[in-house]
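What follows is a short report on a single structure.
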Amino acid sequence: MTTASDPSYPAHWEADVVLRDGGTARIRPITTEDAGRLTSFYEQVSDESKYYRFFAPYPRLSDRDVHRFTHHDYVDRVGLAATIGGEFIGTVRFDRIGPDGRPASAPADEAEVAFLVQDAHQGRGVASALLEHIGAVARERGIRRFAAEVLPANTKMIKVFTDVGYQQKRSFEDGSVHLTLDLEPTAESLAVQRAREQRAEARSVQRLLAPGSVAVIGVSRSSAGVGAAVLRNLRDGGFHGHLYAVNEARAPGIEGDLLDGVRAYRTVADIGAPVDLAVIAVPAGRVPDAVAACGEHGVQGLVVLSAGYGESGPAGLARQRELVRQVRSYGMRLIGPNAFGVINTAPEVELNASLAPGPAAARGRIGLFTQSGAIGIALLSGLLRRGEGLSSFVSAGNRADVSGNDILQYWYEDEATDVALMYLETLGNPRKFTRLARRTSAVKPVVVARGGRHTPAGHVVPGTRLTDATVSELLRQAGVIRVDTVTELVDVGLLLAGQPLPAGPRVAILGNSESLGVLTYDACLTEGLRPLPPLDLTTAASPADFRAALSAALASPDHDAVIVTAIPWVSEQALADDLADALRAAAAETPGKPVAVVHVELGALVEALSAARATTPAAAAPPGPAWAASAVAGPDAGAASGPDPAGPPALRGPIPAYPAAERAVKALAEAVRYGQWRRANADAGQVPEYEDIDEAGAAAQLAALLADVAPESVATLDEADGRELLARYGIRVLPVLPAPTPDAAARAARILGYPVALKTTAPHLRHRADLGGVRLDLTTEAELRRSYEELTDALGKPAELLPVVQAMVPRGVDTVVRSVIDPAGGAVLSFGLAGVASELLGDTAHRLVPATDRDAAALIRSIRTAPLLFGWRGSDPVDTRALEELLLRLSRLVDDHPEVVGVSLEPVVVATEGLSALSATVRVAHPPARTDLGPRTLPSY
2 MTTASDPSYP AHWEADVVLR DGGTARIRPI TTEDAGRLTS FYEQVSDESK YYRFFAPYPR
62 LSDRDVHRFT HHDYVDRVGL AATIGGEFIG TVRFDRIGPD GRPASAPADE AEVAFLVQDA
122 HQGRGVASAL LEHIGAVARE RGIRRFAAEV LPANTKMIKV FTDVGYQQKR SFEDGSVHLT
182 LDLEPTAESL AVQRAREQRA EARSVQRLLA PGSVAVIGVS RSSAGVGAAV LRNLRDGGFH
242 GHLYAVNEAR APGIEGDLLD GVRAYRTVAD IGAPVDLAVI AVPAGRVPDA VAACGEHGVQ
302 GLVVLSAGYG ESGPAGLARQ RELVRQVRSY GMRLIGPNAF GVINTAPEVE LNASLAPGPA
362 AARGRIGLFT QSGAIGIALL SGLLRRGEGL SSFVSAGNRA DVSGNDILQY WYEDEATDVA
422 LMYLETLGNP RKFTRLARRT SAVKPVVVAR GGRHTPAGHV VPGTRLTDAT VSELLRQAGV
482 IRVDTVTELV DVGLLLAGQP LPAGPRVAIL GNSESLGVLT YDACLTEGLR PLPPLDLTTA
542 ASPADFRAAL SAALASPDHD AVIVTAIPWV SEQALADDLA DALRAAAAET PGKPVAVVHV
602 ELGALVEALS AARATTPAAA APPGPAWAAS AVAGPDAGAA SGPDPAGPPA LRGPIPAYPA
662 AERAVKALAE AVRYGQWRRA NADAGQVPEY EDIDEAGAAA QLAALLADVA PESVATLDEA
722 DGRELLARYG IRVLPVLPAP TPDAAARAAR ILGYPVALKT TAPHLRHRAD LGGVRLDLTT
782 EAELRRSYEE LTDALGKPAE LLPVVQAMVP RGVDTVVRSV IDPAGGAVLS FGLAGVASEL
842 LGDTAHRLVP ATDRDAAALI RSIRTAPLLF GWRGSDPVDT RALEELLLRL SRLVDDHPEV
902 VGVSLEPVVV ATEGLSALSA TVRVAHPPAR TDLGPRTLPS Y
């Protein structure tokens, strides 16, 4: 017998998943304790579905059937169930079979698979999710193929199999469709899986941001407190759906009267109508009861404002984990706890379920996500003050469930959002974040300000082994615009939301102050832009002069962007409106280039420019970013097909104004770099396939190596195991032979063949040729023995030095290749030249894993000492193609096997033909629960 508490129970197969409609379900192994649940589930399945499952009328399960379907060995017979509220909504099982189709055990590698989904939940993607998970379980148990028999009329189930993306065979035998699926993941199956993930997660966020009805739980009778504040914001913001207040202190029987003008009830159950979203604002101790009431009522999602969870210490973290488990058990999703709230300005929704003080956010094209409520207030205020609106806003607090990754999934396909702004303290699942950010950045800019760069002791934000500059570099490779401050986040967002992308770095500067123009010119050079000499219009310039100069600059083929500088006139207010009109008119005449304004104490001009929104109704605005097409057109590109990249003149956004030249130039420079990334990544390259890679062998070896490693420990492989693992991916490490005595060294040299190298491997001497622990080009035994004696005399006894002998390799350039799993950056591939100088200067470049062929080529060319690889001062160029292949193979190893948490190849000697890895260190650990690999799953607690 196997129960959930049995040591043999595979708890790691448990997973929460998001279904096609945005709801959630839990997938777990079926145990002997599930007999009652299975029987109840089967009773709710229609006769037609039962017929499709058993190919005959099968009204009820016999005791023998129930026993067979609940007793599994989790090796040759496995059953999984999808559950909501603890009850089954779908099941899947496989039975291992032999070539004759009869039950078998390993090494048989085929299994028969069958599904059954409750009719009420068909069409939600339950079977597709179960197939992903049972496929991963089968691969873990050595099963390589699934066989299935399906009736021709069961078109839904046939579609589940055919749409999964696996290689398959299909035939018609004895009145049924016979399907065979190869379970080896393919590029198509991965694409299908991630497309389903995107649709499901986006839909789950959409249900939270566009509910048809909202209940606020925890509204006091005195109209004071958090709940009452949210209720007023919902009411005053003009929410288009049904709105309810819940106050548990109300006397029974007095239901439906008003609190702040909203119908009030004692419990959610008393409402008597569907509730899509519940905002919970009660003390943490009462939250579980509120969640249970919402779950029983069929609420789809929650925003929990209550504090006292993970931010308050270990006890609060335990309470938070239990909250997530409870919420997901009902198929709901959760924003929070300790959240600030959500806003959706869509005209058909107008949802302000937040604690945002002051005026409501205006409708705009910026999406905003924050982890911090305080930062959220600052960002909302900054955008409102400068005249910019939002499409949506989510302040997720502790991010126990819904995270920035989910919001990126939503924004990716949200036509109301042109620019994504995010304040993050952690990346959560770095692999997934960079994958989603790269995809989203290909269609709209993602701007991130990241807190926790220098984590103080005791802070809840996890630290990183990478420098802040390295993390920024990695994010930029994914297309993310990384900024340092909240102010920069607003500055960059304003320019990207209102202006087209620049086609290049050439900047025209014009204005009525020569000094301010020079400051702007210097700032452009500092940011790597190519400014032209400033055009001084003199202090006597009128708005008409500004218009003429701006029109000329925008029309010139020599400029990609224009910065206008302005200082006050004697009568500021009168001329500010005229100047704003003049700048808008000039920009509207030539809409394809961005314009930014630098002003000195011209508050009236800022107000006039920010008020310059489109006169055309918002509903007429074209979907998608106004600048999308300009992102991929260079300075010399011809006219793009389709809509004008900047849109019609009347639809151009407001011209952003900045009180300092450095801020305007910084925002423009980020837009330039983003445009360059868009153009460069129009062809992102390929992750190459190598036929000699033994992925299955590497997986089996890692499983054996980790069998005795504690769950939280990291193990460093010995030399032989590390060399064997790397060899499975075509990475050959030159062998070394131990030399504890001069005689042993001589024997080793005879085995390897002269010439040889004699090296110390003691930790304090490794890779420190400057300390004299290496002797090269030893061609005779006499030289070897003499060098051995010199080493031991100078540095210590052999037992301390751990000397080894290694064959000499062709001379070349010594390099270092590494990969590491970092909490902030995810899987990272690093490259640099070996030696003290590179180490001292930090001359190491990094790329995200998995690296493409373009990434590998760019990586070796991005270090400052790269010329040494390409024939510096008459030297012979080395084999960079072999180096690129080594980087790609290492990237594949780390990407395929999250158990590999660190690899260091040092040195790698790159010769004119080929290369040699002389030493390798490999570190392994049990993979984390969130790897962004395998079947779709939500973060687990």
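Take 2 as the starting number for the sequence shown in my numbering and just add one per residue.
A virtual CB, placed ideally from N, CA and C, is assigned to each residue, including glycine.
- Residue 104 is bridged by DSSP to 98.
- Residue 472 carries a helical assignment under DSSP once its states are collapsed to helix, strand and coil.
- Separation of the CB atoms of residue 558 and residue 672 is rounded to 19 Å, and the pair is thereby denied contact status at 8 Å.
- Three or more Cβ pairs drawn from the region 188-204 and the region 156-170 lie within less than 8 Å of each other, which places the two stretches in contact.
- Residue 851 carries a coil assignment under DSSP once its states are collapsed to helix, strand and coil.
- Rounded to the nearest angstrom, the gap between the Cα atoms of residue 26 and residue 20 is 7 Å.
- Residue state for residue 667 is assigned as helix, using DSSP reduced to three classes.
- Note that the region 112-119 touches the region 136-153; at least 3 beta-carbon pairs, one per stretch, sit closer than 8 Å.
- Scanning its chain for C-beta atoms nearer than 7 Å, with the 5 sequence neighbours on each side dropped, one finds around residue 808 the residues 735, 753, 754, 757, in chain order.
- By the Cβ-count criterion, residue 494 is buried, with 16 or more other Cβ atoms from all chains shown falling within 10 Å of its own Cβ.
- Excluding residues up to 5 positions away in sequence, 248, 250, 251, 260 lie with their Cβ nearer than 8 Å to the Cβ of residue 222 in the same chain.
- Taking C-alpha positions only, residue 203 is separated from residue 334 by approximately 12 Å.
- If you look at residue 788, you'll find it in the alpha helix (DSSP H) that goes 782-796.
- In this structure, the CA atom of residue 337 is about 20 Å from the CA atom of residue 201.
- Look at residue 69 here: in three-state DSSP terms it is helix.
- Pairing residue 818 with residue 847 gives a Cβ-Cβ distance that is not under 8 Å.
- DSSP places residue 343 in no alpha helix (DSSP H) but in the uninterrupted beta strand (DSSP E) bounded by 342-345.
- Taken in chain order, the unbroken stretches of beta strand (DSSP E) that lie wholly in the region 277-341 and span 3 residues or more are 278-281, 302-305, 334-336.
- Apart from sequence neighbours up to five positions away, the residues of its chain that approach residue 540 with a beta-carbon distance below 6 Å are 513, ordered along the chain.
- With three or more CB-CB distances shorter than 8 Å, the region 387-400 counts as touching the region 361-377.
- In the three-state scheme derived from DSSP, where H, G and I count as helix and E and B as strand, residue 394 is classed as strand.
- In its chain, beyond the 5 residues on either side, 524, 525, 528 have a beta carbon closer than 6 Å to the beta carbon of residue 666.
- Under DSSP, residue 482 takes part in a beta bridge, and its partners are 448.
- The alpha-carbon separation between residue 135 and residue 78 amounts to approximately 11 Å.
- In this structure, DSSP gives residue 85 an extended state, which the three-state scheme calls strand.
- Only exposed fits residue 49, as fewer than 16 other CB atoms lie within 10 angstroms of its CB.
- Secondary structure at residue 776: strand, using DSSP grouped into helix, strand and coil.
- For the pair residue 761 and residue 774, the CB atoms are nearer than the 8 Å cut-off.
- The beta-carbon separation of residue 210 and residue 352, rounded to 7 Å, stays under the 8 Å limit for a contact.
- In this structure, residue 911 lies near residue 884, with their beta-carbon atoms less than 8 Å apart.
- For residue 423, the enclosing beta strand (DSSP E) begins and ends at 420-425.
- Between the region 709-720 and the region 870-884 there are fewer than three inter-stretch CB-CB distances shorter than 8 Å, so the stretches are not counted as touching.
- Residue 199 and residue 217 have their C-alpha atoms some 29 Å from each other.
- In chain order, 202, 206 place their CB closer than 6 Å to the CB of residue 407, counting only its own chain and leaving out the 5 sequence neighbours on each side.
- Here the region 469-484 makes contact with the region 434-449; the two share three or more CB pairs at distances below 8 Å.
- Annotation for residue 93: 81, 116, 131, 135 place their beta carbon closer than 6 Å to its own, counting only its chain and skipping 5 residues before and after.
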